[in-house]
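Worksheet for the structure shown next.
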Amino acid sequence: MPGPAHPPKSFFLCSPDHFDVTFEINPWMATGRRPDRDKSWLEWNALVAGLRSAGATVHHSPSLPGLSDMVFPTDVGVVTDRSFVRARFRHQERGTEAEHGAAWLLEHGFAEIPWPDDPALYLEGGDVIRFGEVLLCGTGPRTSPAAAEHLSRALGVEVVTVPIADPRFYHLDMSFCPLDDRRALYAPDVWDVEGRRAVEKLVPEPLVISVDEALTFSANSVVVGRTVVMPACPPRIRTALEDWGFTVLISPVEEFLKAGGGIRCMALDLDLLGRA
Ligand code: ARG
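In terms of UniProt numbering, the sequence shown opens at residue 1 and continues consecutively.
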């Protein structure tokens, strides 16, 4: 029997007006392999339609010139309970995205929660994921280990740290996807032993996937009610999800994978903890 589904979701997306690969800040990006403009728009429009058909509310705004990664707004902050913590990006190439993301959130009635004024305390939204009553925080490639403790204080929620060992999975949302309050799909082999133990203790019903399965970006998915909106889904994973009562909706985002981002990166969850 499936556990209780999460409440309906609202997401914020940025359209690919200026999407490109103009720098290389993760192992997937190669400036010699640029995304196709028309295909990017087709994929992005189909993703918006897919999220809506699954029952989500989608807000969006255009991306800005010079910010070629702005199509991945998940990273701009951690949002819940009508408030947010603004990201501190590890790479200066993405730094100003945090300001634009914060401006959109402030305009839409979200209040900003202060963050310590320490330039070396990095936080990127792609590393922060809810599971049940806690937040998981991936650390290492992007988010600083110390960020977890500050996040816990800022949001008043327990935060469990998952140190990331494999740089191809530089954000936690590339190796962990919560399905409901008991189930999650994840690739433990890309974390260090501390992370593996923590997640094992936390998730009563895991769907463990291999590194190869994770390389398809299958974990970089979002769940809307009982629909898992995925960039790709190897057959074994599809069978397991369907056996659990989920519907799999594949929305290919091949052009965005060229920048190392998939569906979870493209859809900022406007209420991570689902408490608002
Ligand atoms: N090119 C972007 C970066 O390297 C991709 C962002 C992916 N975001 C995510 N939440 N996994 O930062």
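For glycine and all other residues, C-beta sits at the position ideal for the given N, C-alpha and C.
Distance cut-off 7 Å: residue i Cβ against heavy atoms of the ligand ARG
i: Asn45; result: no
i: His171; result: yes
i: Thr74; result: yes
i: Cys14; result: no
i: Arg264; result: yes
i: Gly195; result: no
i: Asp189; result: no
Helix, strand or coil at residue i [DSSP, three-state]
i: Pro188; result: helix
i: Phe12; result: strand
i: Leu151; result: helix
i: Ile113; result: coil
i: Met1; result: Low per-residue confidence applies at Met1: pLDDT is 49, beneath 50, and the placement is therefore not dependable enough to give any value.
i: Ser68; result: coil
i: Met230; result: strand
i: Gly138; result: strand
i: Val211; result: helix
i: Leu106; result: helix
i: Pro167; result: helix
i: Asp271; result: coil
i: Arg94; result: helix
Residue i - containing beta strand (DSSP E), residue span
i: Arg130; result: Val128 to Phe131
i: Val76; result: Neither: Val76 is in no beta strand (DSSP E) and is coded neither H nor E.
i: Ile250; result: Thr247 to Ile250
i: Glu205; result: Glu205 to Val208
i: His59; result: Thr57 to Pro62
i: Val193; result: Taken as a continuous stretch (DSSP letters only), Val193 belongs to no beta strand (DSSP E), being part of the alpha helix (DSSP H) at Val193 to Leu202.
i: Phe176; result: Phe176 to Pro178
i: Val223; result: Val222 to Val224
Distance CB(residue i)-CB(residue j) smaller than 8 Å
i: Thr74; j: Ala259; result: no
i: Pro163; j: Glu194; result: yes
i: Pro206; j: Tyr186; result: yes
i: Pro35; j: Arg168; result: no
i: Met70; j: Glu97; result: yes
i: Gly261; j: Phe72; result: yes
Host alpha helix (DSSP H) of residue i (start-end)
i: Arg88; result: First-last for Arg88: undefined, no H or E at that position.
i: Thr239; result: Pro235 to Asp243
i: Gly50; result: Arg37 to Ser53
i: Phe256; result: Glu254 to Leu257
i: Arg264; result: Ile263 to Met266
Cutoff 8 Å: residue i Cβ touching any chain D Cβ
i: Tyr170; result: The question asks about chain D, but that chain is absent: this structure has only one protein chain.
Under 8 Å: do the stretch 93-110 and the stretch 38-49 share three or more Cβ pairs, one atom per stretch?
no
Decide if the stretch 119-127 is in contact with the stretch 138-154; the criterion is three or more beta carbon pairs, one per stretch, under 8 Å apart.
Result yes; three or more Cβ-Cβ pairs closer than 8 Å.
Using 8 Å as the cut-off, can you tell me whether the stretch 47-65 makes contact with the stretch 129-137, which would need three or more C-beta pairs spanning the two stretches below that distance?
no
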